[in-house]
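Q:
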Amino acid sequence: MDAAGGEDYRGSEVLRTSAWVAGRATDVSISEAGVRSAAISLYEAREKGDFSLDQWKQPELNPKEETVHTVAWIFVVDTLNFAFWSDSEELFTVDYNGKLHNGYWSLCAAINRALDARRPQHSTRAPCSTGSSVMSEGIPITDARYMANITPEQLQHVFRSATTEQIPLFEKRLEVLREAGRVLLERFGGSFVNAIAEANQSAQTLLNLVVSNFSSYNDHATYDGQSVKLYKRAQILVADLWAAFRGRSYGAFADIDSITMFADYRVPQGLVHLGVLEYSEALLKRLREDPHLPSGDRLEVEIRAASIWGVEMAKLREEKEEGEGGAPLNAIVIDFYLWTFAKEHGHAMKHIPIHKTRSVFY
17 MDAAGGEDYR
27 GSEVLRTSAW
37 VAGRATDVSI
47 SEAGVRSAAI
57 SLYEAREKGD
67 FSLDQWKQPE
77 LNPKEETVHT
87 VAWIFVVDTL
97 NFAFWSDSEE
107 LFTVDYNGKL
117 HNGYWSLCAA
127 INRALDARRP
137 QHSTRAPCST
147 GSSVMSEGIP
157 ITDARYMANI
167 TPEQLQHVFR
177 SATTEQIPLF
187 EKRLEVLREA
197 GRVLLERFGG
207 SFVNAIAEAN
217 QSAQTLLNLV
227 VSNFSSYNDH
237 ATYDGQSVKL
247 YKRAQILVAD
257 LWAAFRGRSY
267 GAFADIDSIT
277 MFADYRVPQG
287 LVHLGVLEYS
297 EALLKRLRED
307 PHLPSGDRLE
317 VEIRAASIWG
327 VEMAKLREEK
337 EEGEGGAPLN
347 AIVIDFYLWT
357 FAKEHGHAMK
367 HIPIHKTRSV
377 FY
């Protein structure tokens, strides 16, 4: 399924270039029947209220207040939001207030643990723990100057694990966090709030500011000689601001619907499960034998680009057949829904191989 003629892609280079790849892909295709079925599921989810922006604040680790502190939290978390999968059974795990978190939530827990004001806190399963009460850190991990000058030892302490498995790509995270702090200080007056102000309520302007100033956000690839923009983390950054502030204040963007889904490794698996994406036998065989794909590999680009365009097709189909109204339906809330769906139905999807790419992009 290729792009419809005359489509303007809402000013999104991610959407335009992903549609271009999807129309040429040889190992990943978009199923018309799967798109129709997914559109029905999206309609039912919208009717149940699954797309309410209030859902962003429901996870216990997400900030609830709508302040500059939440902007800083979102920026740091999304700057470090990459590569949490492990090839071993044991996962990087963070003990925060006596609860264990892994995957993306281990990052949120580590940042919250670092930021906590000094107060007695009981740690239950930290390495070498005596089981006694300890003082939480109060580490200014969201402060630009602290980020720019953070030492390996300081970051290791922030990301200390409750298991023997340490956080992946530690050196890259150190490099990325330092760069983020430096750029905030040198380009944006020490605060991401100033980048938001400069964007003047345009999601695409903020997206371009981020990818052009912070190298780890510049998620792109080359496919058949053409540049393909994927911008997974940069788009999540904009989307999280929009959702956390419910489209107001620091989250007000007139063109928020130009943001696409966030192409990673978990949502594509969900799209295959739902029938939106179909993998060739050659790709399935390749992933079952070795799921590791290099960043920028042709197969990786096809999976990610087709995911973006497949979600767009399902959204357009739902809007066409059911009409607009009610809760907002854009690629952002669909991605939030699909990510949660994939996490909750992981057991039912175990037979669908996931590609694994070790990268700072996702």
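Under this note's numbering, the first residue of the sequence shown carries the number 17, and numbering increases by one thereafter.
Quick reminder that beta carbons are idealized off the backbone N, C-alpha and C, glycines included.
Would you tell me roughly how many angstroms separate the C-alpha atoms of Ala41 and Leu299, rounded to the nearest one?
A: To locate residue 41, count along the sequence shown from 1; it is residue 25. To locate residue 299, count along the sequence shown from 1; it is residue 283. Their Cα atoms are separated by approximately 12 Å.
Q: Examine the Cβ distances between the region 293-312 and the region 213-227 and report whether three or more of them are shorter than 8 Å.
A: Cβ pair count under 8 Å is below three, so no.
Q: To the nearest angstrom, how far is it from the Cα of Pro143 to the Cα of Ser177?
A: In the sequence shown, the residue the question calls residue 143 occupies position 127. In the sequence shown, the residue the question calls residue 177 occupies position 161. In this prediction, Pro143 has a pLDDT of 39, which is less than 50 and means its spatial position is unreliable; nothing more can be read from the coordinates.
Q: Assuming contact is defined by CB atoms lying nearer than 8 Å, are His371 and Tyr281 in contact in what I supplied?
A: Residue 371 sits at position 355 when you count from the first residue of the sequence shown. Residue 281 sits at position 265 when you count from the first residue of the sequence shown. Cβ distance < 8 Å, so His371 and Tyr281 count as in contact.
Q: Starting from the C-beta of Thr180, find all residues in its chain whose C-beta is less than 7 Å away, skip the five residues before and the five after it, and write them out in chain order.
A: Residue 180 sits at position 164 when you count from the first residue of the sequence shown. Answer for Thr180: Glu106, listed in chain order.
Q: What are the complete beta strand (DSSP E) segments, minimum 3 residues, inside the region 179-249?
A: 236-239, 242-245
Q: What residue from Gln285, Ala215, Leu116, Tyr25 has the CA that sits closest to Val44's CA?
A: For the purposes of this step, residue 44 is identified with residue 28 of the sequence shown, where counting begins at 1. Nearest C-alpha to Val44: Gln285.
Q: Would DSSP call Ser265 helix, strand or coil?
A: As a position in the sequence shown, residue 265 is number 249, starting the count at 1. Ser265 falls in the helix class under three-state DSSP.
Q: In three-state DSSP terms, what is Asp132?
A: Mapped onto the sequence shown, residue 132 falls at position 116. The answer is coil: DSSP assigns Asp132 none of H, G, I, E or B.
Q: How is Thr109 classed by DSSP in three states: helix, strand or coil?
A: Within the sequence shown, the letter at position 93 stands for residue 109. Thr109 falls in the strand class under three-state DSSP.
Q: Going by DSSP, what residue range makes up the beta strand (DSSP E) through His117?
A: Translated into positions along the sequence shown, residue 117 becomes position 101. His117 -> beta strand (DSSP E) spans 115-118.
Q: Comparing C-alpha positions only, which one of Lys359, Thr356, Asn346 sits nearest to Arg26?
A: Taking the sequence shown and counting its residues from 1, the one referred to as residue 26 is at position 10. When each option's Cα is compared against that of Arg26, the closest is Asn346.
Q: How many angstroms separate the CA atom of Asp111 from the CA atom of Ile183?
A: Stepping through the sequence shown from its first residue, residue 111 is reached at position 95. Stepping through the sequence shown from its first residue, residue 183 is reached at position 167. If I take the Cα positions, the gap works out to 13 Å.
Q: Can you list, in chain order, the residues of its chain whose CB lies under 6 Å from that of Phe91, leaving out five sequence neighbours each side?
A: On the sequence shown, position 75 is the one that residue 91 refers to. Excluding residues within five positions, the ones whose Cβ falls inside 6 Å are Phe208.
Q: Count the other CB atoms within 10 Å of the CB of His117; is the residue buried (16 or more) or exposed (fewer)?
A: Here residue 117 corresponds to residue number 101 of the sequence shown, with the count starting at 1. Its Cβ being crowded by 16 or more others within 10 Å, His117 is buried.
Q: Just to confirm my understanding: we take Leu290, look at its own chain, exclude 5 residues before and 5 after, and list those with CB closer than 6 Å. What are they?
A: As a first step, residue 290 must be located in the sequence shown, where it is residue number 274. Result list for Leu290: Ala54, in chain order.
Q: Residues in the same chain with beta-carbon distance under 8 Å from Asn78, minus the five sequence neighbours each way, listed in chain order, please.
A: Counting from one through the sequence shown, the residue named residue 78 turns up at place 62. Trp72, Cys124, Ala260, listed in sequence order.
Q: Is Glu81 helix, strand or coil when you go by DSSP?
A: Locating residue 81 in the sequence shown gives position 65, where the first residue counts as 1. Glu81: coil per DSSP, three-state reduction.
Q: Please report how far the alpha carbon of Ala20 lies from the alpha carbon of Arg32, in whole angstroms.
A: One-based indexing of the sequence shown puts residue 20 at position 4. One-based indexing of the sequence shown puts residue 32 at position 16. At Ala20, the pLDDT of 46 sits below 50, so the modelled position is not reliable; the number obtained from the coordinates is stated separately. Whole-angstrom Cα-Cα distance: 11 Å.
Q: Per DSSP, what are the beta-bridge partners of Ser45 in this structure?
A: Within the sequence shown, residue 45 is the residue found at index 29, counting from 1. Partner(s): Glu294.
Q: In whole angstroms, what is the alpha-carbon distance linking Gly241 and Lys188?
A: Locating residue 241 in the sequence shown gives position 225, where the first residue counts as 1. Locating residue 188 in the sequence shown gives position 172, where the first residue counts as 1. If you take the alpha carbons of Gly241 and Lys188, they lie about 28 Å apart.
Q: So for Lys372, helix, strand or coil by DSSP?
A: Taking the first residue of the sequence shown as position 1, residue 372 is located at position 356. Here Lys372 sits in strand by DSSP.
Q: Starting from Trp355, trace the alpha helix (DSSP H) in both directions and tell me its first and last residue.
A: Counted from its first residue, the sequence shown places residue 355 at position 339. 347-360 is the span of the alpha helix (DSSP H), which, as asked, contains Trp355.
Q: Would you report the Cα separation of Arg379 and Glu48, rounded to the nearest angstrom?
A: The structure shown does not extend to residue 379, since the chain spans only 17 to 378, so no value can be given for it.
Q: Let me know if Thr86 comes out buried or exposed under the rule of 16 or more other beta-carbons within 10 Å of its beta-carbon.
A: Looking up residue 86 in the sequence shown gives position 70. Buried.
Q: Quick check on the burial criterion: 16 or more other C-beta atoms within 10 angstroms. Buried or exposed for Ser243?
A: For this step, residue 243 is matched to residue 227 along the sequence shown. Exposed.
Q: Using C-beta distances below 7 Å, list every residue in its chain close to Ala270, excluding the 5 sequence neighbours before and after it, in chain order.
A: Translated into the one-based positions of the sequence shown, residue 270 becomes position 254. Cβ neighbours of Ala270 beyond the five flanking positions: Gln217, Ser218.
Q: Cβ atoms of Leu293 and Pro369: under 8 Å apart, would you say?
A: Walking along the sequence shown from the start, residue 369 turns up at place 353. Walking along the sequence shown from the start, residue 293 turns up at place 277. No. Outside cutoff.
Q: Please tell me whether Ile127 and Val93 are closer than 8 Å, where the distance is taken between their beta carbons.
A: The residue given as residue 127 occupies position 111 in the sequence shown. The residue given as residue 93 occupies position 77 in the sequence shown. Yes. Within cutoff.
Q: Within its chain, find whatever has a CB closer than 6 Å to the CB of Glu334; leave out the 5 residues flanking it on each side and keep chain order.
A: Locating residue 334 in the sequence shown gives position 318, where the first residue counts as 1. The answer, listed in chain order, is Ala55, Leu58, Tyr59.
Q: Assign Lys245 to one of two classes, buried (16 or more other C-beta atoms within 10 Å of its C-beta) or exposed (fewer than that).
A: Within the sequence shown, numbered from 1, the residue matching residue 245 stands at position 229. Buried, because 16 or more other Cβ atoms sit within 10 Å of the Cβ of Lys245.
Q: Below 8 Å on the Cβ atoms is my contact criterion, and I expect Val51 with Ala321 to pass it. Report the Cβ-Cβ distance as a whole number of Å.
A: If you number the sequence shown from 1, residue 51 lands on position 35. If you number the sequence shown from 1, residue 321 lands on position 305. Contact between Val51 and Ala321 is ruled out by a C-beta separation of about 16 Å, above the 8 Å threshold.
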